[in-house]
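Data block below; observations after.
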């Protein structure tokens with residue numbers, strides 16, 4: 003095959019390949035997510051990445067625009083319009099509504115899945131990302147909102163973040179709606195209200211002049227936005243958290259959250275790094291979403307994406323060093339020893355050790371280099387002498403240290419590391 | 003919103019929703035896969051489900067047909083043709099070719115991911131399925147083929163299958179090519195050879211008459227197919243396995259495997275259940291695939307799908323009973339106790355217990371029913387008395403048994419279960 007016909011080894015635009023060391027970071031994030039939310043009583047669910055496009059249409063004409071411009075939507079050969087899901091909330095709402103009578107409430111669900119958005123790839127924004135979604139259905143109590151925000155806090159701690167590293171800013175859609183009314187905007191979802199929400203949402207990325215110009219454009223006096231007291235529903239959620247010692251949880255009247263479906267308390271977790279002061283993730287209460295399916299179930303939840311949290315962990319040096327799952331590599335003097343190595347490895351595996359073997363197609367030195375490239379911590383060379391004497395030399399690659407050991411002691415040695 | 007406008011709660015055609023009990027089965031399968039292949043020294047990788055459509059075109063015109071008729075392929079707004087991956091091998095070949103100089107060989111990789119095929123949903127075949135993919139790159143030795151087949155065997159055992167439950171049938175593409183030559187077919191990949199492969203592949207689903215008619219159509223005398231001796235390359239792989247005691251590994255001249263890219267030993271694992279005698283999964287050697295990307299790297303591997311293995315496990319009663327991750331449910335007499343319950347739960351969680359709480363919006367009896375619906379094994383009712391006395395009653399829901407216990411003994415009790 004000539005060069006001009008070579009296939010590209012590039013991935014599709016805006017998505018990532020995860021080689022083992024990268025995948026290990028993903029797995030670290032996923033495991034931290036899963037073990038923390040299971041501690042809080044959440045059960046894992048999943049659904050397909052393909053959903054009927056109608057799921058994202060909802061009631062607003064603007065959604066049509068979002069579907070057409072921001073999602074991957076196409077028509078299958080059966081003339082069905084399908085979308086690569088851009089978020090999990092509509093899916094989990096669909097699933098809970100579909101089995102409302104069988105499921106017990108309060109119902110705690112989580113999933114760790116991938117999503118697609120059609121956007122120009124940039125820092126912190128890719129076309130495909132992975133996200134933890136946590137949702138609590140069937141509870142109206144403010145204690146449910148408190149639980150959800152406490153979990154956002156707890157997750158940051160589970161990743162090793164300190165209280166000063168982040169801040170949780172809480173607002174309420176009801177308070178925002180009241181503001182809208184005070185501004186004389188009659189419909190909560192009309193164009194002017196939408197523009198104001200978007201302006202508040204973008205405020206931190208704008209200069210004061212840009213923000214003031216935006217307010218003028220929709221005819222809102224800046225003083226209307228200033229110094230609101232903490233609304234009652236926000237206080238009912240924030241006070242118990244601060245009383246428990248979560249001092250970085252604060253009321254912030256500018257927190258909006260992008261999605262239309264929020265109805266109550268909303269929150270965002272911010273990176274406090276002055277050079278990177280931005281929203282890491284967030285969520286809130288969405289009590290009316292299931293009515294799209296003819297069911298009435300209150301709900302509160304949040305989503306936490308892998309791209310932003312990975313950036314955050316990197317910037318704080320919180321990603322653990324790569325350690326492969328494989329404990330030891332067996333090198334052999336020549337190909338004839340490969341089957342013996344496999345038998346030897348089989349015994350160690352039965353005792354719980356993770357073992358890879360070499361087939362002896364290359365020189366011993368090169369086999370050891372392979373183990374080193376894979377960052378496998380130990381190597382054993384298995385030849386006739388070792389098989390006969392039932393003793394091997396275990397070499398630690400990082401230090402070069404060697405240790406003679408009877409074969410029956412190996413499993414214990416590796417499992418202790 | 004009136005009823006006629008209600009959104010459907012159905013998933014897209016041919017894909018599945020996984021509620022917690024179903025997801026637990028998936029997780030059982032995924033964990034069994036991951037822990038077994040890591041024992042054998044394989045490292046996890048991943049890539050996006052979206053791939054450039056060109057990746058599946060290859061050299062054969064027939065591939066164009068497969069892309070158009072059997073995959074989800076669409077054009078994005080940047081005029082790129084993209085495919086929802088139907089299998090992992092082209093992706094992993096792309097990734098290994100892309101970093102050929104940095105990666106050490108032999109290289110052992112695995113992934114557990116989802117795939118899409120555009121087909122009519124039926125038993126054992128869905129539009130979306132999950133699959134374990136195991137690939138070993140950079141080894142020409144027959145011992146590498148042996149390792150891969152031994153892993154297929156080991157995985158069946160890891161799921162609790164007995165040797166009599168399945169059979170591994172091995173053949174060789176080289177032997178098939180020799181057969182093609184004996185039949186006077188000049189080109190290995192011409193139309194007649196393809197038809198013969200497809201016929202052999204489908205033989206077990208056909209009557210003798212249908213098979214004979216198929217042979218007549220491509221002008222092949224049936225006696226040409228009979229009683230071949232085990233080819234040398236198959237023997238080199240099968241003999242060491244049988245010598246190690248894997249007695250259900252056999253030579254079978256009718257095993258073909260669908261994909262064009264196989265070049266050497268191929269195998270399929272069959273369910274021996276006479277009512278369901280079919281291929282569960284398989285794989286083989288594909289030494290030339292990376293040449294599509296201008297690299298020469300020998301490779302051998304297999305894929306094992308969730309749909310067929312789940313059916314198999316179900317038919318043999320090998321799926322473990324559902325046990326939720328949550329150890330205990332805290333019920334409360336009224337909503338005022340929700341925050342105390344949260345504090346109490348927080349302490350248990352710090353000790354490693356997975357705890358869900360109720361918010362007291364319903365009667366105690368209904369709260370206990372919720373725990374029962376979620377199959378959480380234990381319930382504690384937390385009221386003023388319990389908070390004051392620091393003693394609680396732990397109720398086991400299955401037996402109704404109750405046990406009084408000081409709070410500081412709880413973590414130990416739950417973690418022992």
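Chains as they are written, first to last, in our numbering: chain X, 3 to 419; chain Y, 3 to 419. The beta carbon of each residue, even a glycine, is placed where N, CA and C say it ideally should be.
Uninterrupted beta strand (DSSP E) stretches inside the stretch 276–351 of chain X (no shorter than 3 residues) | 281–287, 301–307 and 330–333
Run of the beta strand (DSSP E) containing residue 273 of chain Y, from where it starts to where it stops | In the second chain, counting from the first residue as 1, residue 273 of chain Y sits at position 271. Note, residue 273 of chain Y: beta strand (DSSP E), 267–273.
Mind checking which residues open and close the alpha helix (DSSP H) that includes residue 144 of chain X?
-> Sequence index remark: in the first chain, residue 144 of chain X carries index 142 (1-based). Note, residue 144 of chain X: alpha helix (DSSP H), 144–160.
Can you name the residues of chain Y whose CB is closer than 7 Å to the CB of residue 19 of chain X?
-> To locate residue 19 of chain X, count along the first chain from 1; it is residue 17. Simply 49 and 97.
Of all the residues that make up the stretch 133–145 of chain X, which are near chain Y by a beta-carbon distance shorter than 9 Å?
-> 140, 141, 142, 143, 144 and 145
Name, please, each residue of chain Y whose Cβ falls closer than 7 Å to the Cβ of residue 107 of chain X.
-> If you number the first chain from 1, residue 107 of chain X lands on position 105. In chain order: 372.
With 9 Å set as the bound, which would you pick, yes or no: does the beta-carbon of residue 357 of chain X sit closer than that to a beta-carbon of chain Y?
-> Here residue 357 of chain X corresponds to residue number 355 of the first chain, with the count starting at 1. So, interface residue.
How is residue 250 of chain X classed by DSSP in three states: helix, strand or coil?
-> Mapped onto the first chain, residue 250 of chain X falls at position 248. Reduced to three states, the DSSP call for residue 250 of chain X is coil.
Verify whether the separation of the beta carbon atoms of residue 12 of chain X and residue 54 of chain Y is less than 9 Å.
-> Start at 1 with the first residue of the first chain, and residue 12 of chain X comes out as number 10. Start at 1 with the first residue of the second chain, and residue 54 of chain Y comes out as number 52. Yes. Within cutoff.
Using a C-beta to C-beta distance shorter than 7 Å, which residues of chain Y count as neighbours of residue 110 of chain X?
-> Counting from 1 along the first chain, the entry for residue 110 of chain X is found at position 108. Correct list: 358.
is_contact[residue 29 of chain X, chain Y] using C-beta, thresh 9 Å = The residue you call residue 29 of chain X lines up with position 27 of the first chain. Yes, its Cβ sits closer than 9 Å to a Cβ of chain Y.
Where does residue 141 of chain X sit, in a helix, a strand or coil, going by DSSP?
-> Residue mapping note: residue 141 of chain X aligns to position 139 of the first chain, counting from 1. The answer is coil: DSSP assigns residue 141 of chain X none of H, G, I, E or B.
Taking residue 419 of chain Y as the query, report the chain X residues whose CB atoms sit under 7 Å from its CB, ordered along the chain.
-> Translated into the one-based positions of the second chain, residue 419 of chain Y becomes position 417. Simply none; closest approach about 15 Å.
Run through DSSP, which three-state label would residue 54 of chain Y get?
-> As a first step, residue 54 of chain Y is located in the second chain; it is residue number 52 there, counting from the start. Looking at residue 54 of chain Y - three-state DSSP - the assignment turns out to be strand.
What is the DSSP secondary structure of residue 220 of chain X, reduced to helix, strand or coil?
-> Taking the first residue of the first chain as 1, we reach residue 220 of chain X at position 218. In the structure shown, residue 220 of chain X sits in coil (DSSP, three-state: anything other than H, G, I, E or B).
Considering only residues of the same chain and omitting the five flanking positions on each side of residue 354 of chain Y, which have a CB-CB separation below 8 Å?
-> As a position in the second chain, residue 354 of chain Y is number 352, starting the count at 1. Cβ within range, chain order: 413 and 417.
Residue range of the unbroken beta strand (DSSP E) whose run includes residue 77 of chain Y | Here the question's residue 77 of chain Y lines up with position 75 in the second chain. Here the beta strand (DSSP E) through residue 77 of chain Y covers 74–77.
Chain X within 9 Å of residue 117 of chain Y, Cβ atoms only = Residue 117 of chain Y sits at position 115 when you count from the first residue of the second chain. Taking Cβ atoms only, chain X never reaches closer than 9 Å to residue 117 of chain Y, which makes this a no.
Delimiting residues of the alpha helix (DSSP H) encompassing residue 258 of chain X = Position 256 of the first chain, counted from the first residue, corresponds to residue 258 of chain X. Counting along the chain, residue 258 of chain X falls outside any alpha helix (DSSP H), and DSSP gives it neither H nor E.
Residues from the stretch 239–262 of chain X in contact with chain Y, defined by Cβ distance under 8 Å = 242 and 246
Leaving out the 5 sequence neighbours to the left and right, which residues in its chain are closer than 7 Å to residue 406 of chain Y when beta-carbon positions are compared?
-> Along the second chain, read from residue 1 onward, the residue named residue 406 of chain Y stands at position 404. Cβ neighbours of residue 406 of chain Y beyond the five flanking positions: 393 and 395.
Output, in chain order, the set of chain X residues within a Cβ distance shorter than 8 Å of residue 399 of chain Y.
-> Your numbering for residue 399 of chain Y matches position 397 in the second chain. None at all; the shortest Cβ gap to chain X is about 12 Å.
Since residue 236 of chain X is in the alpha helix (DSSP H), which residue starts that stretch and which ends it?
-> Sequence index remark: in the first chain, residue 236 of chain X carries index 234 (1-based). Where residue 236 of chain X is concerned, the enclosing alpha helix (DSSP H) stretches over 234–245.
What is the DSSP secondary structure of residue 209 of chain X, reduced to helix, strand or coil?
-> In the first chain, the residue the question calls residue 209 of chain X occupies position 207. Residue state, collapsed to three classes: coil.
Using a Cβ cut-off of 9 Å (strictly closer), state whether residue 265 of chain X contacts chain Y.
-> Position 263 of the first chain holds residue 265 of chain X. Not an interface residue.
How about residue 303 of chain Y: is its C-beta nearer than 9 Å to some C-beta of chain X?
-> The sequence position of residue 303 of chain Y within the second chain is 301, counting from 1. Residue 303 of chain Y does not count as touching chain X.
Sequence-distant residues of the same chain with beta carbon closer than 6 Å to residue 98 of chain X, five excluded per side = Counting from one through the first chain, the residue named residue 98 of chain X turns up at place 96. Answer for residue 98 of chain X: 139, listed in chain order.
Using a beta-carbon distance cut-off of less than 7 Å, what residues from the stretch 149–178 of chain Y approach chain X?
-> 149
Enumerated in chain order, which unbroken segments of the alpha helix (DSSP H) with a length of 4 residues or greater are wholly contained in the stretch 61–131 of chain X?
-> 63–72 and 91–100
Take residue 170 of chain Y as the anchor and find which of Y/122, Y/270, Y/384 and Y/164 has the nearest alpha-carbon.
-> Taking the first residue of the second chain as 1, we reach residue 170 of chain Y at position 168. Comparing Cα positions, the closest option is Y/270.
If you compare alpha carbons, which of Y/77, Y/243 and Y/272 is closest to residue 150 of chain Y?
-> Taking the second chain and counting its residues from 1, the one referred to as residue 150 of chain Y is at position 148. Out of Y/77, Y/243 and Y/272, Y/243 has the C-alpha closest to the C-alpha of residue 150 of chain Y.
Could you tell me the distance, in whole angstroms, from the CA atom of residue 378 of chain X to the CA atom of residue 370 of chain X?
-> Locating residue 378 of chain X in the first chain gives position 376, where the first residue counts as 1. Locating residue 370 of chain X in the first chain gives position 368, where the first residue counts as 1. Computed Cα separation, rounded: 10 Å.
To which residues of the same chain is residue 335 of chain X closer than 6 Å at the C-beta, ignoring the five residues directly before and after it?
-> By 1-based counting over the first chain, the position of residue 335 of chain X is 333. So the list reads 385, once near-sequence residues are dropped.
Helix or strand or just coil, what does DSSP make of residue 5 of chain Y?
-> What you label residue 5 of chain Y is simply residue 3 of the second chain in a count that begins at 1. Bear in mind that a pLDDT of 48 at residue 5 of chain Y, under 50, signals an unreliable position, so the number given afterwards is only what the model happens to contain. The answer is helix: DSSP assigns residue 5 of chain Y an H, G or I state.
For residue 235 of chain X versus residue 258 of chain X, is the C-beta distance shorter than 9 Å?
-> Here the question's residue 235 of chain X lines up with position 233 in the first chain. Here the question's residue 258 of chain X lines up with position 256 in the first chain. Contact: no.
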